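A.B. asks:
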Amino acid sequence: MAGTGLAQVILMAATPILSRLFDPIQFGILTAFLVVPNALLPAIGGKFEVAMVLPKSNGTARRLLGFASQTCVAISLLFMAWILLPGGSSEEYAPLEPIYLLLAGHVLILQYMLNRRSEFKRLGLVKVIVSAVTVTTMLVAGFADAGASGLIFASLLGQAAALAGILYWTAPELRGFVAITSRAARPVLRRNRSFPTLNATSSLLDGITLALPILAFERWCSQAELGQLGMMIRLTAAPTALVAISISQVNLRVVSKLAQSGQSALRHVLVTSGFLWGLAVPSAIVTAIW
């Protein structure tokens with residue numbers, strides 16, 4: 030949790046400086062650049078990465094990791110094809126969006142391998158790397174007057190740096206990939222078919238739902254207003270993300286251990302849900318009254 034908190038502190042501390050180095054229009058371009066990749070990210074691995082935490086067998090976990098990675102590559106390539114086709118996106122930075130999706134998707138997927146290994150300190154460090162590299166590069170780009178290009182490059186570099194770190198830590202787990210279309214993959218796919226068919230589709234709908242306000246702003250409002258919305262979302266989401274991400278990481282590992290031992294996870298889920306509701310309801314009431 031300390032690493033996740035530090036990552037949020039870095040972002041919040043740098044925001045006043047960044048808001049003076051870049052104008053709202055440039056932040057609007059960054060917000061428009063990130064909206065589609067962020068909408069696709071919740072389903073980028075077909076939820077095979079979540080399934081990877083559950084099995085006792087490391088071999089099965091590696092296969093699920095391979096399925097998640099291959100799904101990420103396929104979605105990123107389809108996204109790139111859509112952009113490059115006639116009638117696709119005409120935005121200047123659109124061809125870089127699938128690259129960001131590929132990098133961020135693998136950062137997300139490989140974090141589940143760290144979760145499987147209960148390496149929570151490294152999970153926190155991943156978020157610190159993303160935040161520190163992104164913010165530092167943005168500051169340098171701001172002083173160099175690089176504009177929106179600097180913001181987008183910083184976002185790509187932050188994900189690339191985090192991916193390099195996770196690949197270094199998880200290198201032994203990356204061996205023995207099996208093609209998702211091969212016959213050897215079929216038994217594992219059958220046992221975990223609910224993850225891509227049910228979990229991934231609902232996650233994709235959640236991602237699209239969260240992206241709809243930004244897409245509406247992009248269509249009907251100016252880029253400056255879009256940039257202001259993007260900055261507001263980053264600041265207001267930071268405290269919630271601190272709690273939600275930290276709890277979800279530990280919660281997933283606890284539930285998977287209970288499942289592996291044949292115990293019911295219902296009590297743990299109810300207690301955790303009650304704790305989260307206890308945090309959310311008072312905050313929502315205060316916000317509504319205020």
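Residue numbers (our numbering): 30 to 319.
In this text, a Cβ means the ideal position worked out from N, Cα and C, and glycines have one as well.
Model, not experiment: these values are computed from the prediction.
#1: Give a yes or no on contact between the region 56-74 and the region 120-130, applying the rule of three or more CB pairs nearer than 8 Å.
#2: Specify, as a first and last residue, the run of the alpha helix (DSSP H) that K150 falls within.
#3: With Q55 and L180 assumed to form a contact (beta carbons below 8 Å), what rounded beta-carbon distance in angstroms separates them?
#4: In the DSSP assignment, the alpha helix (DSSP H) including I181 goes from what residue to what residue?
#5: Considering Cα atoms alone, identify which of E78, L40, I104 is closest to F224.
#6: What residue range does the alpha helix (DSSP H) around Y122 cover?
#7: Is the Cβ-Cβ distance between M81 and R146 less than 8 Å?
#8: By the DSSP assignment, the alpha helix (DSSP H) with E126 in it spans what residues?
#9: Use the C-beta contact count for K85: other C-beta atoms within 10 angstroms, 16 or more gives buried, fewer gives exposed.
#10: Would you call the region 161-178 and the region 106-116 in contact, with 3 or more CB pairs under 8 Å?
#11: Using CA coordinates, which residue listed in L40, G153, G75 is at the minimum distance from R222?
#12: Could you round the C-beta distance between A72 and S232 to whole angstroms and report it? I think they count as a contact, below 8 Å.
#13: Taking F206 as part of the alpha helix (DSSP H), name the residues at either end of that continuous run.
#14: Just the C-alpha distance for A133 and G303, rounded to the nearest angstrom, thanks.
#15: In the DSSP assignment, the alpha helix (DSSP H) including F224 goes from what residue to what residue?
#16: From this set, L241, Q257, G95, L125, which residue's C-alpha is nearest M109's C-alpha?
#17: From the DSSP output, in three-state form, read off S251 for me.
#18: Closer than 6 Å by C-beta to G259: which residues in its own chain qualify, once you throw out the five before and the five after it? Chain order, please.
#19: Within 10 angstroms of its Cβ, does M167 collect 16 or more other Cβ (buried), or is it exposed?
#20: Taking 6 Å as the limit between beta carbons, can you name the residues of its chain near Y141, skipping five residues before and five after?
#21: Can you name the start and end residues of the alpha helix (DSSP H) that P71 belongs to?
#22: Starting from F96, follow the alpha helix (DSSP H) in both directions and report where the run begins and ends.
C.D. replies: Taking the structure as given:
#1: yes
#2: Counting from 1 along the sequence shown, the entry for residue 150 is found at position 121. Residues 149-172.
#3: Translated into the one-based positions of the sequence shown, residue 55 becomes position 26. Translated into the one-based positions of the sequence shown, residue 180 becomes position 151. So it is a contact: roughly 6 Å between Cβ atoms.
#4: What you label residue 181 is simply residue 152 of the sequence shown in a count that begins at 1. Its alpha helix (DSSP H) spans residues 176-199.
#5: The count along the sequence shown starts at 1 and reaches residue 224 at position 195. With distances taken between Cα atoms, F224 lies closest to E78.
#6: Numbered from its first residue, the sequence shown carries residue 122 at position 93. Taken as a continuous stretch (DSSP letters only), Y122 belongs to no alpha helix (DSSP H), as it is neither H nor E.
#7: The count along the sequence shown starts at 1 and reaches residue 81 at position 52. The count along the sequence shown starts at 1 and reaches residue 146 at position 117. Against a cut-off of 8 Å, the Cβ pair of R146 and M81 comes out as no contact.
#8: Taking the first residue of the sequence shown as position 1, residue 126 is located at position 97. Unbroken alpha helix (DSSP H) run through E126: 126-145.
#9: Counting from one through the sequence shown, the residue named residue 85 turns up at place 56. It is exposed - the Cβ of K85 has fewer than 16 other Cβ atoms within 10 Å.
#10: no
#11: The residue labelled residue 222 in the question sits at position 193 within the sequence shown. If we check each option's Cα against that of R222, G75 comes out closest.
#12: Position 43 of the sequence shown holds residue 72. Position 203 of the sequence shown holds residue 232. At roughly 5 Å, the Cβ-Cβ gap stays under 8 Å, so A72 and S232 are in contact.
#13: Sequence index remark: in the sequence shown, residue 206 carries index 177 (1-based). Here F206 belongs to no alpha helix (DSSP H), and DSSP marks it neither H nor E.
#14: As a working mapping, residue 133 is identified with position 104 in the sequence shown. As a working mapping, residue 303 is identified with position 274 in the sequence shown. Roughly 31 Å between the two C-alpha positions.
#15: Locating residue 224 in the sequence shown gives position 195, counting from the first residue. No alpha helix (DSSP H) holds F224; DSSP gives it neither H nor E.
#16: The residue given as residue 109 occupies position 80 in the sequence shown. Selected option, being the one with the closest Cα: L125.
#17: Along the sequence shown, one-based indexing puts residue 251 at 222. In this structure, S251 counts as coil in the three-state DSSP scheme.
#18: As a first step, residue 259 is located in the sequence shown; it is residue number 230 there, counting from the start. Excluding positions up to five away in sequence, the list reads F56, T60.
#19: Within the sequence shown, residue 167 is the residue found at index 138, counting from 1. So M167 ends up on the buried side.
#20: If you number the sequence shown from 1, residue 141 lands on position 112. Only E78, M81, V82 meet the Cβ criterion.
#21: If you number the sequence shown from 1, residue 71 lands on position 42. Neither: P71 is in no alpha helix (DSSP H) and is coded neither H nor E.
#22: The residue labelled residue 96 in the question sits at position 67 within the sequence shown. Segment 87-113, the alpha helix (DSSP H) holding F96.
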